[in-house]
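Shown next, in structure tokens, is the structure this report addresses.
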Ligand SMILES: Cc1cc2nc3c(=O)[nH]c(=O)nc-3n(C[C@H](O)[C@H](O)[C@H](O)COP(=O)(O)OP(=O)(O)OC[C@H]3O[C@@H](n4cnc5c(N)ncnc54)[C@H](O)[C@@H]3O)c2cc1C
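Written out as structure tokens, the structure is:
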């Protein structure tokens, strides 16, 4: 039986989900350790650009949001998790604001955009660096609390012990053991590793390798939909410096459309992600695609239709990146092709974010059910916040009973 430092709650992963869980658990009075594979900043969440969904528009409601999620998932999502996600979305936004996130506003309210699969304008943004803003605010909250950050700690094993769990981490100094009454797994998805295996491009951070899911499955946790991986319809295809970049879906929310080699629109540019990605694959298959200068398949994204105002407020980072690569998206169309992006499925959780292992909770991309087999844009950062908070609170409560 390994010995090591002991905590009430051990959180694994420092993306939006892990940070939200750690902040919530610490506020609930638990002694928290937040362990992460490399630095606290290294994660997919910080790369998220487009935004976060919440039914805050006058013509919107959590029920309409839930209906959009179920439809986009082709009725494969868990309706109970979806109800939690959408009904807690407005309070999750206010919690993030209380933590220091400043969402972009216009005309006295939130600047809301409509994203793929959504029937209403519901996407809140912080420019086009929403994930960066959310993780920065949560990280600063965590760092001002009493929690312990364990950086360069890669989880390699999780084993039950009396009154909790024993976790083994690979560190620069060799193996390290941590004991905890409850554990929150928030180690994200596996699309970086999967893309390497498939010799494809991915939008993901190099730490998105999925071994923590495997560790949980080996410990006996149940999974769902793990085979359902999502392609982001708009990976950057050219210039080479933008290959693997996820062109924010807000480009399409603000008027950009997909077009084939003849300049014809061939799909609803704001359809659900899987349908839009498939339409691009099909168009290229039919010979209606365009080749990039280095011979890759692509179609056009006509970004010249975006107004200068919208682009400057909601797409400044994207504009900067493309202009640095020698292309001005407001003057010329850009080349795009789907790119491996998101693990839709994951560990089975209940409404408290508990997995099928007692005292082990999961939130964020590592968890399954909230999106079924096809996630809508903007619902991942939301899931990280809603279920991260729930996981942190439930793990703290578990440790205190
Ligand atoms: C480019 C890009 C743009 C996106 N845009 C949006 C968007 O606009 N809106 C939206 O809702 N979603 C978006 N997403 C999806 C969303 O950002 C992620 O799915 C979500 O943030 C995942 O959060 P997470 O906390 O679950 O995982 P991550 O943010 O990936 O964090 C996982 C953490 O676990 C750590 N870790 C991994 N393995 C181990 C291990 N063995 N031991 C210890 N720690 C480990 C990692 O280092 C990392 O800190 C985007 C994703 C990408 C890549």
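Numbering (the working numbering), first residue to last: 93 to 493. Cβ coordinates follow ideal geometry from the N, Cα and C atoms, glycine included. As the structure is a prediction and not an experimental result, all values here were calculated from the model.
Quick check: does the Cβ of residue i come within less than 7 Å of any heavy atom belonging to ligand 1?
i, result
"residue 202", "no"
"residue 177", "no"
"residue 445", "no"
"residue 164", "no"
"residue 473", "yes"
"residue 205", "no"
"residue 181", "no"
"residue 434", "yes"
"residue 129", "yes"
"residue 368", "no"
"residue 254", "no"
Closest to residue i by C-alpha separation, out of the options, would be which residue?
i, options, result
"residue 457", "196, 474 and 357", "474"
"residue 259", "432, 100 and 442", "100"
"residue 438", "428, 169 and 179", "169"
"residue 178", "193, 162 and 189", "162"
"residue 204", "219, 329 and 111", "219"
"residue 243", "249, 167, 230 and 264", "264"
"residue 228", "442, 189 and 424", "189"
Would residue i and residue j be called neighbours here (beta carbons separated by less than 8 Å)?
i, j, result
"residue 347", "residue 222", "no"
"residue 211", "residue 464", "no"
"residue 344", "residue 369", "no"
"residue 354", "residue 380", "yes"
"residue 341", "residue 208", "yes"
"residue 239", "residue 124", "yes"
"residue 386", "residue 332", "yes"
"residue 325", "residue 372", "yes"
"residue 103", "residue 132", "no"
"residue 136", "residue 280", "yes"
"residue 195", "residue 114", "no"
"residue 145", "residue 470", "yes"
"residue 261", "residue 275", "no"
"residue 459", "residue 482", "no"
"residue 311", "residue 109", "no"
For residue i, which three-state DSSP category applies?
i, result
"residue 266", "strand"
"residue 398", "coil"
"residue 370", "helix"
"residue 412", "helix"
"residue 186", "helix"
"residue 178", "helix"
"residue 494", "Nothing can be reported for residue 494, as the shown portion of the chain is limited to 93 through 493."
"residue 195", "coil"
"residue 442", "coil"
"residue 348", "coil"
"residue 154", "helix"
Report the CB separation of residue i from residue j in whole angstroms; it is logged as a contact under 8 Å.
i, j, result
"residue 193", "residue 241", "Wrong, their Cβ atoms sit about 20 Å apart, outside the cutoff."
"residue 214", "residue 152", "6 Å"
"residue 388", "residue 329", "6 Å"
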